[in-house]
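Numbering (the numbering used here), first residue to last: 152 to 708. Glycine included, C-beta positions come from ideal geometry on N, C-alpha and C. The block underneath contains the structure these notes are about, expressed in structure tokens.
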Amino acid sequence: MRRILAATLMVAMTFGPLMTPGLASAAFNSAAAPTGHPSTPIKHLVIIFQENVSFDHYFGTYPTALNPLGQPPFHPFPNTPSVNGLSTALRTANPNLNPANGTGATNPFRLDRSQAVTSDQDHDYGPEQAAFDGGVMDLFPLHVGTPGPLPTPPPAVVATTGLNLGYYDGNTVTALWNYAQYYAMSDNSYSTTFGPSTPGALNLVSGQTNGVASTLNGTGDEVDGMNGSLTVIGDPDPIGDVCSNPMRNQVQMGGKNIGDLLNAAGVTWGSFMGGFNLSIVNHNGTQGCNRSSKGLAGTTNDYIPHHAWFQYYASTANPMHLRPSSVTNIGKSGDSANHEYDLNDFYAAVSAGNFPAVSFIKAQAYQDGHAGYSDPLDEQKFIVHLINFLEGQPEWTNTAVVILYDDSDGWYDHQLGQIVNQSQTSPDALNGPGFCGHATPMLAGPSGPNAQGRCGYGPRQPLLVVGPYAKHNSVDHTLTDQTSVLRFIEDNWLGGQRIGHGSFDAIASPLNRMFDFRQNIQNDLVILNENTGEVVFASSPAIAAAKAYSATLKQRR
């Protein structure tokens with residue numbers, strides 16, 4: 152088995168993505184609209200960027216839930232497709248070593264709804280690669296596991312580093328399973344590179360982690376990208392942000408991001424982050440950079456600077472967190488806020504009929520899903536509240552919501568992705584110390600070719616598309632990554648323009664296989680309960696399809 156997996160890794164490093172992105176997107180671009188105008192019926196894209204979840208951690212047993220008495224049940228439609236998840240073999244004879252004695256197996260295990268609060272796992276650039284063990288995927292407890300704390304701890308593995316093999320099912324992440332049931336989900340989407348939050352944030356908006364323009368307080372979160380450039384592999388704060396930690400490593404990025412391209416094309420857009428408005432006083436009396444909220448996991452600051460995508464670029468930064476001059480100017484260029492807003496501003500703008508074309512959404516930290524200070528139940532409330540709000544807007548018929556994650560947190564996922572770009576720096580460790588692949592890195596950085604510290608694709612993560620034009624009850628197997636969202640924006644509003652300078656958007660597969668722009672979109676609503684994730688009201692065509700499938704099965708019997 153190890154020989155087979157090692158051979159798989161070699162294929163992954165040698166050949167890259169199995170689908171040629173240019174071919175996959177040909178139909179999508181065949182009737183491209185003028186720059187600045189959407190080429191599909193999607194006029195509003197809302198990107199909910201959550202924190203620290205692997206695919207198996209949330210969807211490993213989809214669509215089968217245990218359904219204990221007293222917990223929100225999940226019963227799939229009879230025609231629900233399966234996913235590349237945790238097979239019986241992986242759940243009963245997993246190759247991961249027992250963290251207690253270094254031998255035997257640590258098998259994946261179900262985390263109950265009562266165990267929504269867990270510790271944060273290790274998700275650094277090098278340890279994540281080491282956990283992959285050259286593609287065997289068997290050293291997660293050893294390299295990235297962190298034990299507890301959990302109530303009612305059985306099985307005992309939750310008190311060990313084997314906790315990161317735990318997974319939730321549709322009785323806990325009920326809302327996400329229902330969105331997958333009624334709309335579209337991918338089981339083959341990955342972090343663009345290995346590593347923690349900031350690389351994920353940078354990849355989402357620029358496809359590029361190389362090209363640090365300046366640093367402050369040392370270079371603890373970067374590596375030598377070659378040709379005089381640095382590559383971010385850690386979590387530095389953005390230089391200039393009034394909320395950045397003065398004792399923390401800080402950086403500013405060079406190059407362009409998607410905001411620059413949208414500005415040039417006159418497309419409205421905004422970054423909406425929980426806690427960004429420093430003038431608000433929370434119910435607990437906190438304000439400014441220390442605004443905080445309490446969830447199941449405790450109290451944490453609402454705004455986390457190293458999650459703030461666009462604050463890393465001088466062209467799109469709002470370092471003093473200036474307020475927009477008016478609700479009608481939200482999303483537009485030339486305003487003092489420079490496209491950087493509080494989460495509350497999103498609700499205000501959309502309610503006022505000023506819905507930006509592209510909206511990047513970051514929850515207050517206690518609801519972003521990050522283990523250690525957030526949890527799946529608080530995360531669910533945020534996502535459902537936002538989508539229920541959008542479904543009540545007249546623009547819903549032309550809106551698509553993409554839900555994805557910044558990194559895996561070190562939670563176990565069994566699937567090795569394609570290694571489309573390779574690196575040889577001291578933190579690399581995928582197939583030996585200092586190596587993530589053996590060939591020369593293939594992507595060119597802003598300072599020249601061979602940008603190091605960008606090995607990827609990294610761990611597999613959830614990706615969902617919710618909206619009337621999303622395929623119904625669909626699982627897409629196309630190889631995608633975080634920059635596939637960039638590619639959708641570029642193809643839909645920018646005539647296929649790319650960021651360039653080594654951005655991963657150049658090789659990303661598009662998201663168009665998760666859409667069907669010919670389907671009936673009338674009365675397509677799925678309203679969920681914020682607390683339980685259960686369906687309150689649904690008029691989705693997925694229901695009709697399920698009923699038709701059931702009728703067909705009865706006829707066959």
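The closest CA to that of residue 490, considering only 496, 293 and 482, is found on 482. Here DSSP, grouped into helix, strand and coil, assigns residue 194 to coil. Considering only 609, 630, 612 and 405, the residue with the shortest C-alpha distance to residue 651 is 405. Using a C-beta cut-off of 8 Å, the region 534–552 makes no contact with the region 235–245, since fewer than three inter-stretch Cβ pairs fall below that distance. Residue 479 has its alpha-carbon roughly 53 Å from the corresponding atom of residue 241. Using a Cβ distance threshold of 8 Å, residue 286 and residue 630 do not count as a contacting pair. Judged by DSSP secondary structure, residue 280 falls within the alpha helix (DSSP H) whose first and last residues are 276–283.
DSSP places residue 542 inside the alpha helix (DSSP H), whose first and last residues are 527–542. In the displayed model, residue 665 falls within a helix according to three-state DSSP. If you draw a straight line from the Cα of residue 374 to the Cα of residue 297, it is about 25 Å long. Excluding residues up to 5 positions away in sequence, 478 and 481 lie with their Cβ nearer than 6 Å to the Cβ of residue 500 in the same chain. Scanning its chain for C-beta atoms nearer than 7 Å, with the 5 sequence neighbours on each side dropped, one finds around residue 390 the residues 365, 367, 401, 402 and 403, in chain order. Take residue 435, set aside five residues on each side of it, and the residues of its chain with a beta-carbon closer than 8 Å to its own are 443, 444, 445 and 450, in chain order. Per DSSP, the continuous beta strand (DSSP E) segment holding residue 421 begins and ends at 420–424. In this structure the region 515–527 does not lie against the region 427–434, because fewer than three pairs of beta carbons, one per stretch, are closer than 8 Å. For residue 464, no alpha helix (DSSP H) encloses it, and the DSSP letter there is neither H nor E.
In the DSSP assignment, residue 325 falls within the alpha helix (DSSP H) that extends over 325–333. Contact annotation, residue 409 with residue 357: C-beta distance approximately 7 Å; criterion of less than 8 Å satisfied. Using a Cβ distance threshold of 8 Å, residue 653 and residue 359 count as a contacting pair. Judged by DSSP secondary structure, residue 546 falls outside any beta strand (DSSP E); it is assigned neither H nor E.
Annotation: the continuous beta strand (DSSP E) that includes residue 373 extends over 373–377. Our two residues, residue 411 and residue 321, have alpha carbons roughly 39 Å apart in a direct line. A check of alpha carbon separations from residue 276 across 574, 198, 661 and 619 identifies 574 as the nearest.
Taking the C-beta atoms as reference points, residue 334 is found nearer than 8 Å to residue 616. Residue 345 and residue 588 do not touch by the CB rule: their CB atoms are close to 12 Å apart, not below 8 Å. Residues of the same chain with a CB within less than 6 Å of the CB of residue 306, apart from the 5 flanking positions on each side, are 260 in chain order.
In the three-state scheme derived from DSSP, where H, G and I count as helix and E and B as strand, residue 485 is classed as coil. Secondary structure at residue 508: coil, using DSSP grouped into helix, strand and coil.
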